[in-house]
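Please read the structure below before turning to the comments.
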Amino acid sequence: MLKKLLSVVSVGIMVSGSAQVGFWPNDTKGKDRSVYAVKNITLYQDYRTKVDNAVLVFQEGKIVASGKVSIPKNAVVIDGRGAFVYPSFIDPYANIGVEKAKRNDYNPGSTYLPTDATSAAYNDAIKADTRAVSSFTNQSKDFQDYLKQGFGAALSFNEDGIVRGSAVLITLGEGLSSEKVIKEDAGLMLSFSKGSSRQAYPSSLVGSVALLRQLYLDADWYAKSGYLENKNTNLEAFNRYRKLPTIIETSEKWDVLRADAIGDEAATQFVFVGSGTEYQRAKEMKATNGTFILPLEYPKPFQSQDLMNVEDLDVADLKHWELAPYNAVYLAKEKVPFALTMSRLKDKNAFLDRIRDLHKKGLSKEEILQSLTEKPAQILQVSSLGNLNKGSMANFIIVSNDLFTKESVIYENWVSGKQNIITRMPDTDVRGDYQVQLNNQTYDLKIKGKITKPEAEIIQNDKKGKAKLAVADYKMALELKLPNDTVQNYRLMLPMTDYKNRTTVATDKDGRSIPVTIRFVKAFEPEAKKEEKAKKDEPGKIWYPFSAFGAEALPTQQDYLIKNATVWTNSAKGIIKNADVKVSKGKIVQVGTGLSSGNTTVIDGSNLHLTSGIIDEHTHIGLARGVNEAGTNNSGEVRMSDAIDPDDVNFYRQLAGGVTAAQQLHGSANPVGGQSSMVKFKWGEDPKDMLFPGAKPYIKFALGENVKQSNWGNNPNRFPQSRGGVEQAFDFWFTRALEYEKEKSTNKNFRKDLRLETMLEILKSNRFITCHSYVQSEINMLMDVADRFDFRVQTFTHILEGYKVADKMKKHGANASTFSDWWAYKEEVREAIPYNAALLLQAGVNVAINSDDAEMARRLNQEAGKAVKYGNVPQEEAWKMVTLNPAKMLQIDHRVGSIEPGKDADLVLWTDNPLSIYATVDKTFVDGILYFDAAQQQRKDQMVKDEKNRIIQKMLFSEDAGKGNTQSAEKKQRVLYHCDTLEGEEHESHSH
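Numbering (mature numbering (1 follows the signal peptide of the UniProt record, and there is no 0)), first residue to last: -21 to -1, 1 to 971.
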């Protein structure tokens, strides 16, 4: 077909030359105005409209007619010879043909102000004024991988920054840049990654979220009146492009919900670029009402040489290896709209194999074709792409057979009516079943494989010989080694004009001519038809949460009656022996003896102790990608609730230690940290469903070495650098907040500042401070600042010199959340003593013991017991230090912290006195839901072991493992955050 077409184009067509704008071409080519018609094809006009024996007519890059239509008299006719024709694919997230920015690693010594000296200065990670069309380099070599896989158009952008500016929609293939731009500004591109920016802020996920949230507010302000106050071309560009489809890149499923929350606040519906983990929460993805762009890069199997490492692998990683290829399938079941992209696919040549595999795994051909044509066209709001109807662009692929058969190949990819040859179409398809008669014996000759690369095998009575096949334009050569004949080769040559039923001669190894007859039996049957009959390889089940000890469904609320337990009420009733506690609809409804069971599940509490759940006033577990927004000395605008990770197995581990709620805190990198999130340990629920309902808002403040960066290495340059500077920072921000309040009252179009809004909340006693502190002088300083600005410090946490200022704290009304017996792990805790908690309690201060540590939180009951050992604190008062007292300082004691009717059923059954080192948890309930049951733990352990073994066995025999396409089985350690952890650092020490 290629030869015929080239001769026609070069001789027979009419061309018209026209001058290019600004220059003349350096050749004799003109614009092709010919009419083309492709006939004898199976045509897909769109993803679901199939027309047999159809004709496709196009001219000057546009479809003139398609389907059962007549061929124009003056058309250049192309014989498709039974090929399939589809609309070319569209990649809505390609990032090709545009200059790429160099990425820089985070550096804590980075600049704290934007480096941009132009009117676009905002934040260096906000590059809204970037236009991909301006850096479109039209490097055709970048397009070849896409053309080979059937793509005719792509959205390209500058992959750098949190706001990446506008993307350009281009066609692929040869041609001038000016001819290839479909839409100059086709989408606004966002991410949570700061890219090449050297500006310190943001340095964390929560900082990126806050920056985007503030940006939308600033853009609104600028559009209303801000432009009158100062010129900012970055904000102007953002306002101009935010009307475009907005596409945000995510790196995990929870990012989608984080992004969706930003979009909801900004009245913007995002398109989400997926990470491949969306299947784990398909219903939640559906609830966003967003369209997804799904990559097809999957995790590699783990290397199996080191069996010790394989056994140590996280079952979640193993399950993800197995389930990731089903991502699109699970989303389709929930009717989540999606498009597919080659982005992130390391081996671009694997794309067609990946979409065929999706069909095997359950997606219909129509769903896949829609995701490659109509859906990306809808995302980009371009109706002229993704179909072959009249008026649309002449972007189409010619395929040897049904695209979803393994053997099909793309012959040509026409883009804007221009031909791109991918694989030369052979004149003849020699594949099929034949019979060969040779030496009075009959053999079966099967020719299969791809039409462009057929492969032969010769068989007799299920015994295979060897066959080599070579096909040229005019002849076919066969070399045969027959079954049961190990020494003899036969060579024969057949003309392509007559090869199906022919008697000829073969040449043996001695050069003799041996008569041979070849008879055609039947045409080749693509493997796709056979594969449809094959049994599908079903994957394992999704676990909720997607972690070790998860289950196929989350636990549900039930009514319980716990009988005959020793109940630590934390109320005036004290400790009651042989008592019953009744739970209904997540609440404690009765406490007494001899209670009737009714329709409840009865639990025998004999010889067990029942307490309210432990509340950890200070934790950093269950947070994603950083607990410190260290890029500024005040990060009051960031919200730790934006980073909740419900899959974190540390929730489960701490449930096994009796913890049922905790305050997730920002770190101590800056004087004013981020907003806290108060969570119930409803492990595996959505982030919003883990938040403690109605809890009052808190924020982290910090004093000491961390905030002045004395332990940050060699290049600290952020204010403050001294303890005096820390006080000045507080004074500055509270003063600025009061000025901001005046501005709000006098200016209708004031610029809403999320940071100053937070500082005002503190001044108005609408947000409460938990302050990281150690040294007596600094504790006094912050209480003095609070007195000057007329607010109260709610809680001093750590506070290892609290015993020195207990009287002043009592007078101020501050609470104390401390460690039991930690000292000497850094300079500012040199004077810590193990009697601190007892002395503070003696002075009348409300005292709690916190963990600030993922491991220590599992034994906070023992930490409370140390108060009895060191300070002779009564047992009930010691127990309150990890239950009722933290509930009081967090102002949730009306809901939790004691066992009383009307309170939440956050309960723990212990095997012994909970303050004893011998006590272990038997059961833990949150809102009347059983989240940990020691009796079930052995079954859970076995379930994890069996699941790991099943997947490892499957992995060992996977196709990738057979090819050596594997990844290291070395276990990746999760960062366990502490107050001073900067994102990306792994701290084995327990410095706080």
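Quick reminder that beta carbons are idealized off the backbone N, C-alpha and C, glycines included. Everything numeric in this text was worked out from a predicted model, so none of it was measured.
For residue i, is the classification buried or exposed, using 16 other Cβ atoms within 10 angstroms of its Cβ as the cut-off for buried?
i, result
"residue 988", "There is simply no residue 988 to check, as the chain begins at -21 and stops at 971 in what is shown."
"Thr320", "buried"
"Ala307", "buried"
"Val484", "exposed"
"Val570", "buried"
"Trp3", "exposed"
"Lys743", "exposed"
"Glu780", "buried"
"Gln932", "exposed"
"Phe936", "exposed"
"Val147", "buried"
"Ile896", "exposed"
"Val466", "exposed"
"Leu92", "exposed"
"Arg734", "buried"
Using only the alpha-carbon positions, how far apart do residue i and residue j sit?
i, j, result
"Lys222", "Ser98", "22 Å"
"Leu151", "Val394", "7 Å"
"Arg12", "Ser371", "16 Å"
"Ala527", "Val764", "47 Å"
"Ile600", "Ser322", "32 Å"
"Pro87", "Asn578", "Low confidence applies to Pro87: its pLDDT is 49, below 50, so where it sits in the model is not reliable, and the reading given next is rough at best. Computed Cα separation, rounded: 59 Å."
"Met922", "Asp293", "13 Å"
"Glu353", "Ser67", "11 Å"
"residue 1030", "Gly253", "The structure shown does not extend to residue 1030, since the chain is modelled only from -21 through 971, so no value can be given for it."
"Ile758", "Ser752", "7 Å"
"Arg767", "Val852", "35 Å"
"Leu839", "Ser830", "7 Å"
"Tyr85", "Glu926", "Because Tyr85 carries a pLDDT of 48, less than 50, the predicted location of this residue cannot be relied on, and no value is offered for it."
"Ala622", "Gln178", "22 Å"
"Pro462", "Ser45", "51 Å"
"Thr737", "Phe660", "26 Å"
"Glu608", "Tyr180", "7 Å"
"Glu510", "Asp336", "Low confidence applies to Glu510: its pLDDT is 48, below 50, so where it sits in the model is not reliable, and the reading given next is rough at best. Whole-angstrom Cα-Cα distance: 11 Å."
"Ser879", "Thr256", "The sequence shown places Glu at residue 879, rather than the Ser named in the question. Going by the C-alpha atoms only, they are around 42 Å apart."
"Leu955", "Asp832", "8 Å"
"Tyr201", "Val887", "53 Å"
"Glu722", "Glu208", "14 Å"
"Gly703", "Lys561", "55 Å"
"Ala513", "Ala246", "Residue confidence is low: Ala513 scores 46 on pLDDT, short of 50, so the model does not pin down where it sits. No coordinate-derived value is stated."
"Gln536", "Asp665", "16 Å"
What residue from the options has the CA that sits closest to residue i's CA?
i, options, result
"Ser176", "Ser170, Leu169, Gly140", "Gly140"
"Lys789", "Asp58, Lys314, Trp801, Phe775", "Phe775"
"Lys120", "Met934, Leu92, Val77", "Val77"
"Gly615", "Gly646, Asn392, Asn726, Gln841", "Gly646"
"Asn31", "Ser135, Phe936, Asp381, Tyr220", "For clarity, residue 31 is Asp in the given sequence; the question names Asn instead. Looking at the Cα atoms, Asp381 is the closest of the given residues."
"His777", "Arg27, Phe115, Asp595, Tyr195", "Asp595"
"His957", "His597, Glu39, Ala44", "His597"
"Glu231", "Thr384, Asp626, Arg734, Phe698", "Asp626"
"Arg110", "Val560, Gly584, Leu134, Gly636", "Leu134"
"Met745", "Glu949, Asp883, Gln870, Phe711", "At residue 745 the sequence reads Asn, which differs from the Met that was named. The option with the nearest alpha carbon to Asn745 is Gln870."
"Ala451", "Thr486, Val409, Asn419", "Val409"
"Asp103", "Ser172, Val64, Phe911", "Ser172"
4-residue-minimum alpha helix (DSSP H) runs that sit fully inside the stretch 840 to 869, ordered along the chain:
854 to 859, 863 to 868
Check whether the stretch 14 to 25 and the stretch 37 to 55 are in contact - that is, three or more C-beta pairs closer than 8 Å.
yes
What are the uninterrupted segments assigned as alpha helix (DSSP H) that are 4 or more residues long and contained completely in the stretch 866 to 952, given in chain order?
913 to 935, 938 to 942
Go through the stretch 282 to 367 residue by residue and report every complete run of the beta strand (DSSP E) that reaches 3 residues or more, in order.
317 to 320
Considering only residues of the stretch 119 to 199, which uninterrupted alpha helix (DSSP H) runs meet the minimum length of 4 residues and lie entirely inside it, listed in chain order?
119 to 127, 156 to 159
Do three or more CB pairs link the stretch 153 to 168 to the stretch 388 to 402 at distances below 8 Å?
yes
Please confirm if the stretch 582 to 591 is in contact with the stretch 620 to 635, defined as three or more CB-CB distances below 8 Å between the two stretches.
no
Return the chain-ordered ranges of every alpha helix (DSSP H) run that is complete within the stretch 466 to 525 and spans a minimum of 4 residues.
506 to 512
Assess contact between the stretch 680 to 687 and the stretch 537 to 545, defined as three or more Cβ pairs (one per stretch) separated by less than 8 Å. Is contact present?
no
Should the stretch 822 to 829 be regarded as contacting the stretch 793 to 800, the criterion being three or more beta carbon pairs within less than 8 Å?
yes
If contact is defined by three or more beta carbon pairs under 8 Å, each pair taking one atom from either stretch, is the stretch 519 to 536 in contact with the stretch 491 to 499?
no
Is the stretch 903 to 922 close to the stretch 855 to 869, with three or more CB pairs under 8 Å?
no
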